[in-house]
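Colleague: Chains as they are written, first to last, in this note's numbering: chain A, 98 to 232; chain B, 98 to 232. Glycine included, each C-beta is placed from N, C-alpha and C at the ideal position.
There are 2 protein chains.
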Amino acid sequence: MDDRIGDFLDDVPVGVLATIRPDGGVRQSTVYFVRDGDRILISTESKRQKARDVERTGRASLCVQGPAKPYPCVTVEGDARIRTQGIGEPTARLIERIAGAPVDEIQTDETLAAVDRVILEITVDRAYGASYLDH
Amino acid sequence: MDDRIGDFLDDVPVGVLATIRPDGGVRQSTVYFVRDGDRILISTESKRQKARDVERTGRASLCVQGPAKPYPCVTVEGDARIRTQGIGEPTARLIERIAGAPVDEIQTDETLAAVDRVILEITVDRAYGASYLDH
Numbered sequence: 098m099d100d101r102i103g104d105f106l107d108d109v110p111v112g113v114l115a116t117i118r119p120d121g122g123v124r125q126s127t128v129y130f131v132r133d134g135d136r137i138l139i140s141t142e143s144k145r146q147k148a149r150d151v152e153r154t155g156r157a158s159l160c161v162q163g164p165a166k167p168y169p170c171v172t173v174e175g176d177a178r179i180r181t182q183g184i185g186e187p188t189a190r191l192i193e194r195i196a197g198a199p200v201d202e203i204q205t206d207e208t209l210a211a212v213d214r215v216i217l218e219i220t221v222d223r224a225y226g227a228s229y230l231d232h
Numbered sequence: 098m099d100d101r102i103g104d105f106l107d108d109v110p111v112g113v114l115a116t117i118r119p120d121g122g123v124r125q126s127t128v129y130f131v132r133d134g135d136r137i138l139i140s141t142e143s144k145r146q147k148a149r150d151v152e153r154t155g156r157a158s159l160c161v162q163g164p165a166k167p168y169p170c171v172t173v174e175g176d177a178r179i180r181t182q183g184i185g186e187p188t189a190r191l192i193e194r195i196a197g198a199p200v201d202e203i204q205t206d207e208t209l210a211a212v213d214r215v216i217l218e219i220t221v222d223r224a225y226g227a228s229y230l231d232h
């Protein structure tokens, strides 16, 4: 991934996730995310429709935009999956990003499974529409 | 449309438009928009892929998020079409929203056609995922 895109994704905590519904239409929602190299990680619940869309289609798209004019933005997309193993560390990073404060304890996969928490992971294979990233 | 959703859409000038590509995947991009009742109006060019997606599928989705925590958001979707007639006034409203200044002159449809400008119009038939709209 281009450094300018990577840096922008690290700066902006939220984006708009898009998946394909069973009827072929688009489902969109605002999500917090963190980046791990060329992967985008999102915390969700396995029962959520976005997770089911990813299980069914194996793809997802994320459009990230900055908060003010000129509204820098980029869209990334790629193969996607629902992870239930080794998710304590990325879940902690996401909680830190949401809460804006460090997390003391990494939860185990078992603890997260008990509350239905999973990680929706996108391995980015395409980035497009990058605009004003230097603003 | 629910007043809380309408007021929120009037406050936030940009959103993430999603359309379906010919291959069935999602295309997303940040766009300025204005609302006219239950319709969402976006200025684009007829040659753009998003316009072609709308011509082909007749549908579009817009996810709008506020600029700061707790990131209020809503997604609206509906039948969509590309308009070339009577587009001077909405185009002027969009230019005003982008420029943040009043527009003196309403361009004619012929003038806009000469520069390939069209209006992508979504008639909202569903709103979902509304969160934190009162923030």
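1. Within 10 angstroms of the Cβ of Glu142 of chain A, are there 16 or more other Cβ atoms? Answer buried if so, exposed if not.
2. Using 8 angstroms as the limit for Cβ to Cβ distance, is Pro187 of chain A near chain B?
3. Return the first residue and the last residue of the beta strand (DSSP E) that Thr283 of chain B is part of.
4. Have a look at Gly155 of chain B and Arg178 of chain B and give me their C-alpha separation to the nearest angstrom.
5. With distance defined between alpha-carbon atoms, name the residue in A:Arg180, A:Pro164, A:Glu186 nearest to Gly112 of chain B.
6. Leu213 of chain B to Gln162 of chain A, Cα distance in whole Å?
7. Excluding five sequence neighbours on each side, which residues of the same chain lie with their C-beta closer than 8 angstroms to the C-beta of Ala210 of chain B?
8. Would you kindly work out how many angstroms separate the C-alpha atoms of Leu230 of chain B and Leu159 of chain B, rounded to a whole number?
9. Identify, in the order they occur along the chain, each residue of the same chain with its Cβ nearer than 6 angstroms to the Cβ of Leu138 of chain A, setting aside the five sequence neighbours on each side.
10. Helix, strand or coil, according to DSSP, for Val234 of chain B in the structure here?
11. Applying a beta-carbon distance threshold of less than 8 angstroms, which residues of chain A neighbour Arg145 of chain B?
12. My parser needs the beta strand (DSSP E) runs of 3 or more residues fully inside the stretch 143-228 of chain B; what are they?
13. Report the three-state DSSP secondary structure of Arg101 of chain B (helix, strand or coil).
14. Would you mind telling me which residues of chain B sit closer than 8 angstroms to Ser140 of chain A, beta carbon to beta carbon, in chain order?
15. Going along the stretch 151-165 of chain A in order, which residues come within less than 7 angstroms of chain B, judged by CB to CB distance?
16. Quick check: what's the CA-CA separation for Ile102 of chain A versus Cys170 of chain A?
17. If the cut is a Cβ gap below 8 angstroms, which residues of chain A does Val111 of chain B touch?
18. Only counting the same chain, and skipping five residues up and downstream in sequence, which positions put a Cβ closer than 6 angstroms to that of Ala189 of chain A?
19. Excluding the 5 residues flanking Val123 of chain B on each side, which residues of the same chain have their C-beta closer than 8 angstroms to its C-beta?
20. Which bits of chain A does Ala115 of chain B rub up against, with CB to CB less than 7 angstroms?
21. Just to confirm my understanding: we take Val151 of chain A, look at its own chain, exclude 5 residues before and 5 after, and list those with CB closer than 8 angstroms. What are they?
22. For Arg136 of chain B, list the residues DSSP reports as bridge partners.
23. Can you check which of these residues, B:Gly121, B:Asp135, B:Asp120, is closest to Asp107 of chain B by C-alpha distance?
Modeller: The answer reads as follows:
1. Stepping through the first sequence from its first residue, residue 142 of chain A is reached at position 45. Classification of Glu142 of chain A: exposed, given that the 10 Å Cβ count is below 16.
2. Translated into positions along the first sequence, residue 187 of chain A becomes position 90. For Pro187 of chain A, the answer is no, since every Cβ of chain B falls outside 8 angstroms of its Cβ.
3. Any property of residue 283 of chain B remains undetermined from this structure, which presents chain B solely from 98 to 232.
4. In the second sequence, the residue the question calls residue 155 of chain B occupies position 58. In the second sequence, the residue the question calls residue 178 of chain B occupies position 81. Those two C-alpha atoms are separated by around 6 angstroms.
5. Here residue 112 of chain B refers to the residue found at position 15 when the second sequence is read from its first residue. It is A:Pro164 whose Cα lies nearest to the Cα of Gly112 of chain B.
6. Counting from one through the second sequence, the residue named residue 213 of chain B turns up at place 116. Counting from one through the first sequence, the residue named residue 162 of chain A turns up at place 65. According to the sequence shown, residue 213 of chain B is Asp rather than Leu. Each residue's Cα considered, the two are about 26 angstroms apart.
7. Numbered from 1 along the second sequence, position 113 holds the residue referred to as residue 210 of chain B. Around Ala210 of chain B: Thr181.
8. Here residue 230 of chain B refers to the residue found at position 133 when the second sequence is read from its first residue. Here residue 159 of chain B refers to the residue found at position 62 when the second sequence is read from its first residue. Spanning the two alpha carbons is a distance of roughly 16 angstroms.
9. One-based indexing of the first sequence puts residue 138 of chain A at position 41. Excluding residues within five positions, the ones whose Cβ falls inside 6 angstroms are Val131, Pro187, Ile216, Glu218.
10. Examination of residue 234 of chain B is not possible in this model, given that chain B is present from 98 through 232 alone.
11. Taking the first residue of the second sequence as 1, we reach residue 145 of chain B at position 48. Chain A residues near Arg145 of chain B: none, gap ~11 angstroms exceeds 8 angstroms.
12. 156-162, 170-180, 214-228
13. Here residue 101 of chain B corresponds to residue number 4 of the second sequence, with the count starting at 1. Helix.
14. As a first step, residue 140 of chain A must be located in the first sequence, where it is residue number 43. Those within 8 angstroms of Ser140 of chain A in chain B number zero; the least Cβ separation is about 15 angstroms.
15. Arg156, Ser158, Cys160, Gln162, Pro164, Ala165
16. Numbered from 1 along the first sequence, position 5 holds the residue referred to as residue 102 of chain A. Numbered from 1 along the first sequence, position 73 holds the residue referred to as residue 170 of chain A. Rounded to the nearest angstrom, the two C-alpha atoms are 9 angstroms apart.
17. Taking the second sequence and counting its residues from 1, one reaches residue 111 of chain B at position 14. By Cβ distance, chain A contributes Gln162, Tyr168.
18. Taking the first residue of the first sequence as position 1, residue 189 of chain A is located at position 92. Within the same chain, Ala189 of chain A has close Cβ partners Val200, Ile203.
19. In the second sequence, counting from the first residue as 1, residue 123 of chain B sits at position 26. Cβ neighbours of Val123 of chain B beyond the five flanking positions: Ala115, Thr116, Ile117.
20. Mapped onto the second sequence, residue 115 of chain B falls at position 18. Those are Ala115, Val123, Gln125, listed as they occur along chain A.
21. Counting from 1 along the first sequence, the entry for residue 151 of chain A is found at position 54. For Val151 of chain A, where only same-chain residues beyond five positions count, the Cβ hits under 8 angstroms are Thr116, Ala157, Ala177, Arg178, Ile179, Leu217.
22. Stepping through the second sequence from its first residue, residue 136 of chain B is reached at position 39. B:Asp133, B:Thr220, per the DSSP bridge assignment.
23. In the second sequence, counting from the first residue as 1, residue 107 of chain B sits at position 10. Out of B:Gly121, B:Asp135, B:Asp120, B:Asp135 has the C-alpha closest to the C-alpha of Asp107 of chain B.
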